[in-house]
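**Student:** One structure is given below, represented as structure tokens, and several questions about it will come after.
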Amino acid sequence: MSKPSDLVQGTLDLLVLKILALEPLHGWALSQRLKQISGEVLQVSDGSLYPALHKLEQQGWIQAEWKLTENNRRAKFYSLTRLGRRQLEREAANWERVSAAISGVMRLTEV
Amino acid sequence: MRIDHWIYTIPLRLSSLFHRSRLDAELDEELRDHIDTQIADNIARGMAADQARLATLRAFGNPVVLREQTRDTWSWSGMELLLNDVRLSARTLLRTPDFAWIAILVIALGVGANVALFAIVRSVLLNPLPYADSGHLVRLYENISVGGLNAPYGASAGGMYTEWKEHNRTLADMAIAGSTDYNLSSAGELPEVVHAGNFSWNMLSLLGVRPSLGRGFTADDDKPSSDPTVLLSWGLWKRRFGGDRAIVNKTILLDAVPHTVIGVMPASFFFLGASNVQLWTPIYQAKRPALMKMLDEHEFRAIGRLKPGATEAQVVADLTLITRRIHAQHLDLPFTAFAANSRPLLDSIVGRMKAPLYALLAATGCVLLIACLNVANLLVARSAARRKEQAIRAALGGSKLRLLRQHMMESLLICVAGGAVGFFLAVSVLRWFVAVRQDVPRADSIAVDGVVAAFTLGLVTLCAAFAGAISSLSMRGDQALQALRESSRGQSAGVARTRLRSVLLSLEVGLTVVLLVGAGLLLKSYAQLRSTDLGCLTDNVLKIDLSLPSASYREPALISSFFSSFLGRVRTVPGIQEAGMIYPAVPGDDRGSDDNFVIIEHPPLPPGESNVANNRWCDTGYFATLGIPFLQGRNFSSNQRPGHSTEIIISESFAHQFFPGGDPIGKHMTTFNQTGSEIVGIVGDTRTEPGEPVRPMMYFPILAGSDFVTSASLVIRSRRDVTQFAMPVQRLLAGMDRNLAVSDVLTMDQILGRNTLEASFDATLLLVFAGLSLLLAAVGLFGVLSYIVAQRTTEIGIRIALGARPAQILWLTLVDGLRPALFGLLLGLAASAGSVKLIESMLFGTRPFDPIVFTVVSATLLGVAGLACAFPAWRASRLDPMQALRTE
């Protein structure tokens with residue numbers, strides 16, 4: 184199935200928030216951006232972006248708006264809310280802490 | 003989560019609740035948009051169109067699954083799933099409306115009966131009395147024992163009450179209450195007889211009740227010398243005085259004596275369980291001072307409030323000590339109590355309703371249990387029929403939990419619908435009960451409130467869980483593969499399932515037997531009660547009460563001449579065959595009073611012992627009117643006038659008890675109101691109450707007068723419908739004194755009906771419940787056996803093809819169906835052995851283990867079970883083997 188694992192799911196949320204913090208995007212553009220940034224590391228299908236987006240929207244961290252794209256199609260644009268920005272800061276700090284801890288441990292075992 | 007988070011997300015969640023379809027459409031558009039854009043992008047990168055599409059879909063994942071996953075992230079998706087289940091279950095139920103209606107009706111009856119009984123039990127038995135701190139109020143009784151007559155919970159005498167009140171050390175306060183009938187008259191209006199209460203002035207403060215208008219009695223109102231005062235009931239004030247607030251301090255005429263209205267009691271005032279009381283007067287002002295001092299006239303109710311820390315046992319000991327002292331001082335008064343007793347006030351008012359109400363509650367509980375078992379049974383049958391469907395759903399990945407949930411949902415839907423119908427059923431049943439059973443104390447306070455509604459909800463939940471849980475037992479361990487295999491091959495499958503249904507049926511039959519036995523016993527008891535011979539005629543006899551106000555009819559001579567000229571006029575009314583007068587009560591209506599007497603010709607009794615008999619006052623026409631035969635001697639002679647009262651008539655059992663082997667005629671007796679009277683006649687026995695044994699009775703001549711016989715019952719008999727004479731008699735009476743009115747105009751049949759109402763009510767209700775259960779059990783048996791036969795069609799076909807005779811098949815199938823009925827019968831008979839104890843106190847002339855009732859019940863049950871099984875069994879025996887084998 185295309186459902187990402189829990190770890191990746193959490194990371195996916197963080198990535199989406201981070202990307203949307205830069206500029207509002209619609210689903211497809213977001214998936215393109217995600218691919219550009221993470222390359223092939225994140226093994227998730229394009230579609231699994233949508234459950235994540237809708238969950239974040241229900242949480243109140245992002246909001247959606249129907250707008251026209253550059254090539255004149257109607258699309259749902261997602262942008263970060265004030266709450267989402269706060270959440271991103273929290274998540275980012277969390278991530279820093281955890282990744283620092285993990286990489287610390289990793290270095291230890293290598294020695 | 004913080005407040006601002008909630009503020010932001012709540013509208014979002016609400017919109018996702020209410021704009022479900024728009025959200026769906028937007029999600030579809032969003033996904034499609036993504037796919038289209040990706041395809042366009044791929045083509046732009048130089049892919050062929052179909053290849054671009056394939057690559058896009060591969061990268062995207064399954065759109066259907068993704069849509070479901072996205073929908074899952076929306077709020078309320080759990081609820082949506084639940085609604086889906088409800089919708090699905092409702093649709094499944096509606097597809098078989100007969101099943102749904104039957105199940106709902108069955109539950110509705112069960113729930114309705116239980117809710118109604120619960121409301122009654124709560125309002126009548128459980129709710130505290132509407133008095134301040136009512137838990138500390140007690141009713142005080144005198145323990146009387148005289149001449150073989152024992153009354154451990156006897157009414158109070160005025161003299162004893164005074165002693166108790168003065169000398170007790172365990173009661174914070176004590177009050178006394180009695181009753182009177184008044185002729186209420188006012189200018190320009192018809193007089194009417196009103197039932198009134200009397201109480202000592204401190205009664206209202208003892209109960210913690212206040213008049214809603216005016217004031218209560220004071221100590222100054224409650225003396226023989228006080229000016230007469232009266233408190234009106236809310237109903238009388240509204241009805242007779244138009245709710246006029248200016249009524250306070252006005253005077254009204256009671257027995258032609260002006261009474262000052264000092265207040266109006268609230269509509270909610272509950273006067274110690276007495277019904278239809280219209281007004282109250284202070285007891286020491288209203289009753290004769292001599293009566294209030296007597297130790298052996300037991301006509302009052304004494305109420306007390308326990309001192310803080312005092313127990314009922316201490317009160318009884320305390321009052322018994324006082325009583326014993328008084329008893330020792332008055333050995334010449336044999337009706338003086340020798341000890342005291344008490345009961346919580348609530349118990350003293352509603353105690354007699356406990357056994358019947360709890361028995362009915364138990365019966366309705368059985369009905370509901372049967373209803374649940376029946377619905378469970380029906381559900382098991384359905385799940386059997388839908389086994390294949392369930393197996394397929396399970397095979398396709400439907401989760402077991404989801405299937406179970408849908409199963410429970412069906413049970414819940416049935417129970418909720420049944421509960422709703424049952425609730426309204428209960429409301430109308432209660433309305434009917436309150437109308438029919440005015441004799442039940444506190445019947446007026448029965449109401450459907452929040453607690454009753456909550457009880458209904460609880461009951462519904464319980465039923466749903468019970469029926470659902472039992473029936474899902476049958477789903478346990480279902481192997482999808484096996485189910486599919488079984489349902490495709492016509493084997494005799496589902497043995498476990500049939501066994502579950504048989505167990506359910508046995509239980510159902512068992513409960514039915516318990517109900518049938520109870521109903522049978524009560525019915526027999528009621529029949530006994532109705533058929534007891536009162537010792538007099540009951541057809542076309544009418545009783546009319548009249549009462550002469552003591553203010554204007556003070557002299558016995560005046561009363562006597564009024565009675566005799568009234569009787570003379572009544573006898574001239576064409577159509578009236580016989581007329582007579584009796585005091586205090588006609589047979590079957592009331593016990594009346596007892597008195598002690600001495601037979602002059604007999605040796606004196608040892609001290610402390612006395613002869614006691616029921617006393618009645620009547621005229622010469624009474625015996626002929628009621629058809630009471632003279633066994634020996636003659637009627638009163640016409641010279642029995644005030645001041646010349648020399649004759650007594652006794653009953654047959656009186657003669658047997660006090661003149662064994664001797665001839666009573668010509669012997670002389672001394673009673674409290676006649677000295678040395680001669681026994682002139684012996685008449686047949688009459689019963690004072692339908693369920694009571696015959697007691698010795700003595701008759702005094704009413705026309706000889708007595709200082710306390712100021713009221714009497716006129717009895718008239720006619721060949722035609724006797725009730726038509728009520729109005730002419732009323733006119734005759736008003737013609738003699740326009741302040742007089744008649745009351746309690748009843749035929750003997752009505753009196754009997756009134757006094758056996760409870761027995762007939764309980765018996766009828768239980769019979770209805772039992773009949774209902776029997777029907778349910780029969781339907782269940784029929785259903786199960788039909789199912790078994792359908793399951794075994796192939797097997798039976800093979801048997802017939804191999805040469806089994808129809809009779810053998812019939813027998814084989816019948817035994818299959820009758821087995822649960824037999825088990826149930828045994829179970830029920832065993833359970834009845836315990837349950838009859840519950841109704842033992844309600845039985846009259848019927849033993850709890852009445853062999854006839856038990857035999858009839860067993861026969862009825864087996865008969866009905868046989869009938870229910872006969873048709874499916876007969877059908878099985880008529881199977882065409884070719885047809886049966888082909889049905890596969």
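From first to last, the protein sequence lines stand for chains X and Z. Position 42 of the first sequence, counting from 1, maps to 225 under this note's numbering, and the rest follow consecutively. Position 668 of the second sequence, counting from 1, maps to 670 under this note's numbering, and the rest follow consecutively. Beta carbons are placed, not taken as given, at the ideal position from N, Cα and C, and that holds for glycine.
At 8 Å on the CB atoms, spell out the chain Z contacts of proline 234 (chain X), in chain order.
**Tutor:** Residues of chain Z passing the Cβ test: Leu68, Gln71, Thr72, Asp74, Thr75.
**Student:** Decide if leucine 291 (chain X) is buried, meaning its Cβ has at least 16 other Cβ atoms within 10 Å, or exposed.
**Tutor:** Classification of leucine 291 (chain X): exposed, given that the 10 Å Cβ count is below 16.
**Student:** Which term fits tryptophan 203 (chain Z), buried or exposed, when burial requires 16 or more other beta carbons within 10 angstroms of its beta carbon?
**Tutor:** Per the 10 Å Cβ criterion, buried.
**Student:** Is DSSP giving arginine 491 (chain Z) helix, strand or coil here?
**Tutor:** Note that arginine 491 (chain Z) scores 49 on pLDDT, short of 50, meaning its location in the model is unreliable and no value can be drawn from it.
**Student:** Buried or exposed for aspartate 257 (chain Z), going by 16 or more other Cβ atoms inside 10 Å?
**Tutor:** Burial call: buried.
**Student:** What is the C-beta distance between proline 226 (chain Z) and glutamine 287 (chain Z), in whole angstroms, given that I count them as a contact (C-beta under 8 Å)?
**Tutor:** 6 Å
**Student:** Is DSSP giving lysine 669 (chain Z) helix, strand or coil here?
**Tutor:** coil
**Student:** By alpha-carbon positions, which one of Z:Glu301, Z:Pro874, Z:Ala110 ends up nearest to leucine 459 (chain Z)?
**Tutor:** Z:Ala110
**Student:** Can you confirm whether leucine 56 (chain Z), when its beta carbon is compared against all beta carbons of chain X, has any partner nearer than 9 Å?
**Tutor:** At a cut-off of 9 Å between C-beta atoms, leucine 56 (chain Z) does not count as an interface residue with respect to chain X.
**Student:** Kindly confirm or deny that the segment 689–699 of chain Z and the segment 579–596 of chain Z touch, where touching means at least three C-beta pairs closer than 8 Å.
**Tutor:** Taking 8 Å as the limit for Cβ pairs, the verdict is that the segment 579–596 of chain Z does touch the segment 689–699 of chain Z.
**Student:** Quick one: is leucine 33 (chain Z) near chain X, going by C-beta distance under 9 Å?
**Tutor:** Yes - at least one Cβ of chain X is within 9 Å of the one on leucine 33 (chain Z).
**Student:** Quick check: the Cα distance between alanine 105 (chain Z) and alanine 466 (chain Z), rounded to an integer number of angstroms?
**Tutor:** 12 Å
**Student:** Quick check: is the beta carbon of glutamate 28 (chain Z) nearer than 9 Å to any beta carbon in chain X?
**Tutor:** yes
**Student:** Using the three-state DSSP reduction, which class does asparagine 616 (chain Z) fall into: helix, strand or coil?
**Tutor:** strand
**Student:** Between the beta-carbon of phenylalanine 337 (chain Z) and the beta-carbon of histidine 300 (chain Z), is there less than 9 Å?
**Tutor:** yes
**Student:** Does the separation of the CB atoms of arginine 124 (chain Z) and aspartate 349 (chain Z) fall below 9 Å?
**Tutor:** no
**Student:** Enumerate, from N- to C-terminal direction, the unbroken alpha helix (DSSP H) stretches of 4 or more residues contained entirely within the segment 129–198 of chain Z.
**Tutor:** Within the segment 129–198 of chain Z, the complete alpha helix (DSSP H) runs of at least 4 residues are 160–169.
**Student:** Identify the residues that DSSP records as bridge partners of phenylalanine 426 (chain Z): which are they?
**Tutor:** Answer is none; phenylalanine 426 (chain Z) lacks a bridge partner.
**Student:** Could you round the C-beta distance between glycine 582 (chain Z) and tyrosine 624 (chain Z) to whole angstroms and report it? I think they count as a contact, below 8 Å.
**Tutor:** 3 Å
**Student:** In the DSSP output, which residue or residues are listed as bridge partners for leucine 548 (chain Z)?
**Tutor:** For leucine 548 (chain Z), which the question treats as bridged, DSSP gives the partners Z:Ala714, Z:Val744.
**Student:** Run through chain X and tell me which residues come within less than 7 Å of leucine 826 (chain Z), C-beta to C-beta.
**Tutor:** The question names leucine, but residue 826 (chain Z) is glycine in the sequence shown. Chain X residues near glycine 826 (chain Z): none, gap ~53 Å exceeds 7 Å.
**Student:** Along the chain, where does the alpha helix (DSSP H) containing tryptophan 282 (chain Z) start, and where does it finish?
**Tutor:** No alpha helix (DSSP H) holds tryptophan 282 (chain Z); the beta strand (DSSP E) holding it covers 281–284.
**Student:** Would you check if the distance between the CB atom of leucine 127 (chain Z) and the CB atom of leucine 359 (chain Z) is smaller than 9 Å?
**Tutor:** yes
**Student:** For isoleucine 412 (chain Z) and leucine 381 (chain Z), which I take to be in contact (beta-carbon distance under 8 Å), what is that distance rounded to the nearest angstrom?
**Tutor:** According to the sequence shown, residue 412 (chain Z) is glutamate rather than isoleucine. 7 Å between Cβ atoms; contact.
**Student:** Thinking leucine 560 (chain Z) and threonine 758 (chain Z) are a contact (beta carbons under 8 Å), I'd like their distance in whole angstroms, please.
**Tutor:** Contact doesn't hold; Cβ gap of about 38 Å is too wide.
**Student:** Figure out for me which residue from Z:Arg877, Z:Asp135, Z:Arg247 has the closest Cα to the Cα of glycine 210 (chain Z).
**Tutor:** Z:Asp135
**Student:** Just to confirm, are valine 515 (chain Z) and leucine 863 (chain Z) a CB contact at a threshold of 9 Å?
**Tutor:** Remark: C-beta atoms of valine 515 (chain Z) and leucine 863 (chain Z) approach each other more closely than 9 Å.
**Student:** Please check if any C-beta of chain Z sits within less than 9 Å of the C-beta of glutamine 196 (chain X).
**Tutor:** Strictly speaking, residue 196 (chain X) in this sequence is aspartate, with glutamine absent from that position. Output row for aspartate 196 (chain X): interface = no.
**Student:** When the Cα atoms are used, what is the spatial distance from methionine 184 (chain X) to serine 504 (chain Z)?
**Tutor:** Confidence in methionine 184 (chain X) is poor, its pLDDT being 36 and thus under 50, which makes the residue's placement unreliable; the coordinate value appears in the next sentence. Going from the Cα of methionine 184 (chain X) to the Cα of serine 504 (chain Z) covers about 47 Å.
**Student:** Which ranges does the beta strand (DSSP E) cover as unbroken runs of at least 3 residues, wholly within the segment 532–612 of chain Z, from first to last along the chain?
**Tutor:** 543–549, 578–585, 595–601
**Student:** Please list the segments of the alpha helix (DSSP H) lying wholly inside the segment 41–75 of chain Z, counting only runs of 4 or more residues, in order along the chain.
**Tutor:** 51–62, 65–75
**Student:** Kindly list, in the order they appear in chain Z, the residues whose Cβ is closer than 7 Å to that of alanine 258 (chain X).
**Tutor:** Chain Z residues near alanine 258 (chain X): Asp35.
**Student:** Given that a residue counts as buried once 16 or more other Cβ atoms are within 10 Å of its Cβ, and exposed if not, what is leucine 95 (chain Z)?
**Tutor:** Leucine 95 (chain Z) comes out buried.
**Student:** Give the residues of chain X in contact with alanine 806 (chain Z), contact being defined as C-beta atoms less than 8 Å apart.
**Tutor:** Result: empty, since nearest Cβ-Cβ is about 57 Å, beyond 8 Å.
**Student:** Could you name the residues of the same chain whose beta carbon sits closer than 6 Å to that of aspartate 621 (chain Z), not counting the 5 residues immediately before and after it, in chain order?
**Tutor:** These residues qualify, in order along the chain: Gly582, Met583, Ile704, Leu705.
**Student:** List the residues of chain X whose Cβ lies closer than 7 Å to the Cβ of alanine 61 (chain Z), in chain order.
**Tutor:** Ser228, Asp229
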